[in-house]
Every structure is written in structure tokens, then in C-alpha cells.
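Below you'll find the structure, written out as C-alpha cells, and then a few comments.
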Amino acid sequence: MGVWSFRQFYIRRALRLLPALYVVLGSVLVLGYFFYLPGDYALLSQSALSSLLFSANIFFWKNSGGYFSPNAEEMPFLHVWSLSVEEQFYFVWPFLFFLICKIFELRGRRLFVLLLVFLSFCLAEIGVASDYSGAYFLLPFRAGELLLGSLLALSLEDSRYSGFESKVLANGIAVAGMALILASAIFLDESSSFPGVNAFFPCVGAALVIVAPLYGQNFVSCLLSTRSLVFVGLISYSLYLWHWPVVSLLRYLRVDLTPIVMFTAIALSIFLGFLSWRFVESFFRSNASRDSRIVFFLATPVFLIVSFGPILIYLKDGLPGRFPYALLTQEELNNERQRYWQGIKTIDTDFTEGGGTKKVLLVGNSHANDLSYSLTENDFQGKIKLIGTTHYCFNFGFGAVFSEKVDHCRERFSAVIGSPELRSADVIYLHDNWGGKDFDGLVRVLQMIRSVTTAPIYVIGPKMIFEESALNISKYAQQDRFITPLSINKYSRRFQRKDLVDYDNELKEFFDRDLGLASVQYVSALDAQCGVEMNCDILSEDTGEYLYFDAGHFTLAGAKIFGKKLKERNSFLF
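Numbering (UniProt numbering), first residue to last: 1 to 574.
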């Protein structure tokens, strides 16, 4: 083996990777200042800092919800996770390999690395099978793909492989390798299990393409040696760095990715990749050996800006002064979601404790939680017992939204009909999101409830649900320079689900008929929430607070405002 220098190895790695990375990070942060909302800009700064520290894989594992999750498309530095995995590998592997070389002879080294490859792929397969998201992002699960390169190098470190040539063998190996790569590219998609075994085949394919020229000239090597593909290879690292920020920014700005837009995005990525290779990568690598002072002089300010810029942006909460109204971030809305589920107390109500107060049985899916909060946050006088029927069901458990959940919904409805609270309640409230339509089934539900109790029944119709989350709607509005709560609310009207308005009107007509059921009344939630003009809000026009934490569930502020409006029109519910 030749002379090895850890110092020179890491200097070469740094000069190869860092300058172009810093330029991309800095450029995107500057663009983000003009286009990104405060919460998104703060998240962007965090991802930039994690990229600098080569921990982007850990950051995105914790924050993205998965590589193929919807929000991943708007994260400009998402792709840097793989660079972080590679660098983590090179922080560890040279030292470990040094020890291996001290302990084992060549055959032992091969066997040891082969064992590591096997263990890593097995670990990845187990992680994927158990639906562990870290299997995609974390080094132990991906190390096998990198260690295959080490195993290949060790396998070729033998005189038996030199001097033998066969064009037939060379072409066979190369074609087999390319077939494995192309098959993986064609047949694997976001629904495929990955990494694990499915990552093994393209890696082996790449190894075969690399080793094929040792046995002679072959078709694949000649193809890959053409000037156009060599050019792509030269700019590949810079192209890798630039391609995703280009696409991500287009996604963030809601630009439709038509064929001409995609062609332009590809051309722009190649152009930026070329500029980065020519004026950043090549410059730093060529000047490092001649005058390190030039490298230090140019790199230091860039390093300081890219390092401290994200910290400042994060500490300043994404620089909200750029926008007149800084709305809640996704993290804060997630806290609202957690509060929504953990703070619901009415599921534990015991009608047998105490006495003398009105007892209300509230039945429905998660949207009944909204009604529960709306009542309790507006001085409701009495006890509320909530029985949930889950989002799998409609008609308060009687019908199943999904055919495979029929048995589940029957159990939920049986629990409602058999509950002691149904018999002892003074009044019954029925409310969900009306996820299915079955008027005959609805009549049957009311008949079965009436067979158990003579208490008044109030059927409360759907409230407004939007086609996008409130956070996304406000983001889109502010990108289009609608920046006040009033203008954002007007903008949000285009995202209202009109089918719910139609359904509400059908329910009004349905309950206007003589159903042969005493003391059953329909209450329109939409009339109370949105008024005659059906102007439903996502923000409080007084405070700018979100009224929804997703597309259809209220924040606590939203529940309070809805309850207040409901009380003004239907005081008998309180």
C-alpha cells in the first residue's frame, strides 16, 4: 500500500465539497429573504446550518416527514441529506479502515468489509420492513452502499485481476451493470421499499460498470466516455447541489411544472452547475496547491456569512419584519394539534357525578371535538359527554367511509346505542364532517336513538373545510401579496369546499320534511360560521390568529369564535 495522509485526505475532501456547497447555501438564503415567509425562512436557516454541519440527514429525518412527503418538495436543501451521509461515512471509515489494515491481511480485510456490507443491508431491510423512517436517512442503514466501493477496491487489489482481457466478458459485465441501474431507475418509485435490497442492485450495477473496463474495451464505457456525458460528469457535483433548489423554489412559488417549465428548470440547473464547476470548484481546487492564502482569503468571508447567517435568521424567527403579519409556524400549529387531542376533557365526563345540571351527549368523529371546545369555551352550562366515532365512519358511526372499516364502524355505533349516557342524557348533539351521504341511513340512526331516549336531538351540519391547510392558504396569499387578515380571508374563499354548502342545503330540505320523529331539529353550522354570503374565515380579523390548524379542525381561537357565532344564532344549544 502507498503512503497515506489523513490531513491531505480531508483537505482534498474539503476543497472538493465545501466551496460549491457554501455558494449554493448562501445563494438560496439570499433568495429566501425575498420569497420565504418567516416560519419557512427560519426552517430554511435550520436546514442550511445542518447542511453545513453535515447533519442534514438527521435534520430532515426529524423534520420532513419522509423524503417523499408533500412538504419535502418545498425544502431546498433536502437533497443534501445524502452528502451528509457520505461525509459522516468519511469521518469514520478512514480511521476504521486504518485499524482493519493493521489487524488483517488482504483476505481478512475483504471478509471484514463484506461482513459490514451484509450487516448494513440487513439492517436497512429490517428498518424498511418495520416502517422506520430513519432507515432512509441514517448512516448505519446506508453505509453498505458506500462500503461496496471499498469492497470493490479491495477485491481488485490482487495481481490475478491484471493482464486478462476479453471484450465479450467486458461487454457482458458492463451491460449487466447498466441493466441493473436502468431497471432500478424504471421500476422503483416512492411506493417501493427502499433502501435495503432494492438499493443493493443499482449499487452492484455501478460496481460492474466500473470494473468492466479492466477486462477490455466495451460498449458502455465508450458511451460513457462521450464528450457530453463526460461534461455531465465534470459538473455532476455542482449540478447535484443546484438542481433541487431550483425545483423547490418553483414548488414554493406554486409555479405549475409544465413541460416547458421543467425544460427551463433543467437548463437553468445545468447552467448554474457549469458556472459553479468552472468558477468555484475548479478555482479552489487548482489554486489550493499554488497559494493557500488566496483560498483562505476568499473562503473565510463566505464561510462566516453562510455559517452565521442561518443562526441569525433562526434566532430572529425568520426575520418577520419583512412581512406586516407574521403568522404561526407549522411547529406552532402542530402544538395546536397536540392540544386538540390531549386537551379534550369531555370524553371523560361522568354523568353520575353531581347533579342538577343539563347533561349533553355529543356524538361524532374528530369534528365533534371542535363542537365540544366551542361549547366549553363559551360558558356552556352543563355537562358534555363526547363519544367519538372516528374518521372512518359517517352518520355517527352507522356508515363506513371505507369498505374495509364496516365492522369497525358497526362496533362504534353499537357503543353509542348501548351507552348508558344515551339513556341518561337530557339532550343529544350529533355532529361530524359528513364524510358520506346516506339519508335513509340517517333516518335509521335517528330512529334507533329515539327508540332508546326521548331526549331532544339536535343534528348539527358540517362546518367549513378547506381544500388546503390554513397555513398553506395564508402562505399562498402572502406570496401573492395579500398580507392583512382581511385580504387573506378573502383570498381563502377560493379554497372553500363548495360541496359542503350544497350538502348543508340538502340537509335543510331533508329535515324540513315530516320524518315522523319527535323533537329532532337540524342546526346549520355553516350559517352560523359563515353567514348568508358563505364567507368563511381562516384568520381572526381582529388578532390575525389562525382559526384552523389544518384544513378542517379549529384552533382554540377558532373554536371560541365559532362557538360565539353559534351561540348568537342558536342560544338553546348552550
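The beta carbon of each residue, even a glycine, is placed where N, CA and C say it ideally should be.
Since we're looking at a predicted model, the values are computed, not measured.
Q: Leaving aside the five residues before and after Pro70 along the sequence, list all residues of the same chain whose C-beta is less than 6 Å from its C-beta, in chain order.
A: Taking the sequence shown and counting its residues from 1, the one referred to as residue 70 is at position 70. Because the pLDDT at Pro70 is just 49, under 50, the model does not fix this residue reliably, and the value given afterwards should be weighed accordingly. Around Pro70: no qualifying Cβ.
Q. According to the neighbour-count rule (16 or more other Cβ atoms, all chains shown, within 10 Å of its Cβ), is Arg494 buried or exposed?
A. Sequence index remark: in the sequence shown, residue 494 carries index 494 (1-based). Result: exposed.
Q) How is Ile538 classed by DSSP in three states: helix, strand or coil? A) Here residue 538 corresponds to residue number 538 of the sequence shown, with the count starting at 1. Coil at Ile538, not helix or strand.
Q) So the alpha helix (DSSP H) Tyr458 belongs to, where does it begin and stop? A) Stepping through the sequence shown from its first residue, residue 458 is reached at position 458. First-last for Tyr458: Ile457 to Ile460, but that is the beta strand (DSSP E), not the alpha helix (DSSP H).
Q.
Val360 and Asp432 - do their beta-carbons sit closer together than 8 Å?
A. Reading the sequence shown from its first residue, position 432 is the one you call residue 432. Reading the sequence shown from its first residue, position 360 is the one you call residue 360. Against a cut-off of 8 Å, the Cβ pair of Val360 and Asp432 comes out as no contact.
Q | Option in Asp256, Asp350, Ser228 and Phe308 with minimal Cα separation from Leu52 | A | For the purposes of this step, residue 52 is taken as residue 52 along the sequence shown, with counting starting at 1. Leu52 has its Cα closest to that of Phe308, out of Asp256, Asp350, Ser228 and Phe308.
Q) Any idea what DSSP makes of Leu500, helix, strand or coil? A) Here residue 500 refers to the residue found at position 500 when the sequence shown is read from its first residue. Leu500 falls in the helix class under three-state DSSP.
Q. What residue range is occupied by the uninterrupted beta strand (DSSP E) comprising Lys359?
A. As a first step, residue 359 must be located in the sequence shown, where it is residue number 359. Residues Lys359 to Gly364.
Q.
What residue range does the alpha helix (DSSP H) around Gly108 cover?
A. Within the sequence shown, the letter at position 108 stands for residue 108. First-last of the alpha helix (DSSP H) with Gly108: Leu106 to Ala129.
Q) If we count the other Cβ atoms within 10 Å of its Cβ and call it buried at 16 or more, is Gln496 buried or exposed? A) The residue labelled residue 496 in the question sits at position 496 within the sequence shown. It is buried - the Cβ of Gln496 has at least 16 other Cβ atoms within 10 Å.
(Q) Among Tyr476, Thr484, Pro462 and Asp537, whose alpha-carbon lies nearest the alpha-carbon of Val501? (A) Along the sequence shown, one-based indexing puts residue 501 at 501. Here the closest residue by C-alpha is Pro462.
Q.
Per the DSSP calculation, Ala400 is bridged to which residue(s)?
A. Looking up residue 400 in the sequence shown gives position 400. In the DSSP output, where bridge partners are listed per residue, Ala400 has Cys393.
Q. What number of angstroms, rounded off, separates the C-alpha of Ile235 from the C-alpha of Ile11?
A. Working through the sequence shown from its first residue, we reach residue 235 at position 235. Working through the sequence shown from its first residue, we reach residue 11 at position 11. Those two C-alpha atoms are separated by around 20 Å.
Q | Simplified DSSP assignment, three categories, for Phe466 | A | Here residue 466 is taken as the residue at index 466 of the sequence shown, counted from 1. DSSP places Phe466 in strand when its eight states are reduced to three.
Q: Would you mind stating whether Leu375 and Gly563 have Cβ atoms separated by less than 8 Å?
A: Taking the sequence shown and counting its residues from 1, one reaches residue 375 at position 375. Taking the sequence shown and counting its residues from 1, one reaches residue 563 at position 563. Cβ atoms of Leu375 and Gly563: closer than 8 Å.
Q) Count the other CB atoms within 10 Å of the CB of Gln478; is the residue buried (16 or more) or exposed (fewer)? A) Taking the sequence shown and counting its residues from 1, the one referred to as residue 478 is at position 478. So Gln478 counts as buried.
Q: Could you tell me the boundaries of the alpha helix (DSSP H) in which residue 587 lies?
A: Nothing in the structure corresponds to residue 587, since the chain is present only between 1 and 574.
Q: Note down the Cα distance separating Leu239 from Phe274, rounded to an integer number of angstroms.
A: Within the sequence shown, the letter at position 239 stands for residue 239. Within the sequence shown, the letter at position 274 stands for residue 274. When rounded, the distance between both Cα atoms is 7 Å.
Q: Could you name the residues of the same chain whose beta carbon sits closer than 6 Å to that of Pro245, not counting the 5 residues immediately before and after it, in chain order?
A: Here residue 245 corresponds to residue number 245 of the sequence shown, with the count starting at 1. Excluding positions up to five away in sequence, the list reads Val28 and Pro76.
Q | DSSP bridge partner residues for Leu430 (one or two, in chain order) | A | The sequence position of residue 430 within the sequence shown is 430, counting from 1. BP columns for Leu430 point to Val363 and Val459.
Q: Keeping to the same chain, check which residues put their C-beta closer than 8 Å to that of Leu17; ignore five residues upstream and five downstream.
A: On the sequence shown, position 17 is the one that residue 17 refers to. Once the five neighbours on either side are set aside, the close Cβ partners of Leu17 are Leu83, Glu87 and Tyr237.
Q) Based on the DSSP secondary-structure assignment, which residues constitute the bridge partners of Leu18? A) One-based indexing of the sequence shown puts residue 18 at position 18. Leu18 is not bridged to any residue.
Q) From Lys62 to Phe137, what does the alpha carbon distance come to, in whole angstroms? A) Reading the sequence shown from its first residue, position 62 is the one you call residue 62. Reading the sequence shown from its first residue, position 137 is the one you call residue 137. In a straight line, the C-alpha of Lys62 is about 10 Å away from that of Phe137.
Q.
If distances are taken between C-alpha atoms only, which option among Leu182, Gly134 and Phe219 comes closest to Gly172?
A. In the sequence shown, counting from the first residue as 1, residue 172 sits at position 172. Residue Phe219 is the option with its Cα nearest to Gly172.
Q | Where the alpha helix (DSSP H) through Leu152 begins and ends | A | Within the sequence shown, the letter at position 152 stands for residue 152. Unbroken alpha helix (DSSP H) run through Leu152: Leu139 to Ser155.
**Q.** Three-state secondary structure (DSSP) of Leu53
**A.** Within the sequence shown, residue 53 is the residue found at index 53, counting from 1. Reduced to three states, the DSSP call for Leu53 is coil.
Q) If you drop the 5 nearest sequence neighbours on each side, which residues of the same chain put their C-beta closer than 8 Å to that of Ala557? A) Residue numbering aside, residue 557 sits at position 557 when the sequence shown is read from its first letter. Ser540, Thr543, Glu545, Tyr546 and Leu547.
Q | Close beta carbons around Ser492, own chain, < 6 Å, minus the five adjacent residues each side | A | As a first step, residue 492 is located in the sequence shown; it is residue number 492 there, counting from the start. Cβ neighbours of Ser492 beyond the five flanking positions: Ile473 and Ile538.
(Q) My output table needs one value for residue 575: the three-state DSSP class, helix, strand or coil. (A) Nothing in the structure corresponds to residue 575, since the chain is present only between 1 and 574.
Q.
Less than 8 Å between the C-beta atoms of Leu319 and Ile313, yes or no?
A. For the purposes of this step, residue 319 is taken as residue 319 along the sequence shown, with counting starting at 1. For the purposes of this step, residue 313 is taken as residue 313 along the sequence shown, with counting starting at 1. Yes; because the gap between Cβ atoms is below 8 Å, this pair is in contact.
Q | Beta-bridge partners of Tyr36, as assigned by DSSP | A | Working through the sequence shown from its first residue, we reach residue 36 at position 36. Note: Tyr36 sits in no beta bridge, so no partner.
(Q) One question on the structure: do Gly552 and Phe482 come within less than 8 Å of each other, judged by their Cβ atoms? (A) As a working note, residue 552 is residue 552 in the sequence shown. As a working note, residue 482 is residue 482 in the sequence shown. No, they are not a contact pair.
Q: Note down the Cα distance separating Phe6 from Leu96, rounded to an integer number of angstroms.
A: Position 6 of the sequence shown holds residue 6. Position 96 of the sequence shown holds residue 96. Inter-residue distance for Phe6 and Leu96 is about 12 Å (C-alpha atoms, whole angstroms).
Q) Roughly how far, in whole angstroms, is the beta-carbon of Leu517 from the beta-carbon of Leu566, given that I think they are within contact range, below 8 Å? A) Against the sequence shown, residue 517 aligns to sequence position 517. Against the sequence shown, residue 566 aligns to sequence position 566. Wrong, their Cβ atoms sit about 23 Å apart, outside the cutoff.
**Q.** Those residues which DSSP pairs with Leu386 across a bridge
**A.** To locate residue 386, count along the sequence shown from 1; it is residue 386. Note: Leu386 sits in a beta bridge opposite Leu362.
Q: Would you be able to state if there are at least three C-beta pairs under 8 Å between the stretch 198-215 and the stretch 255-264?
A: no
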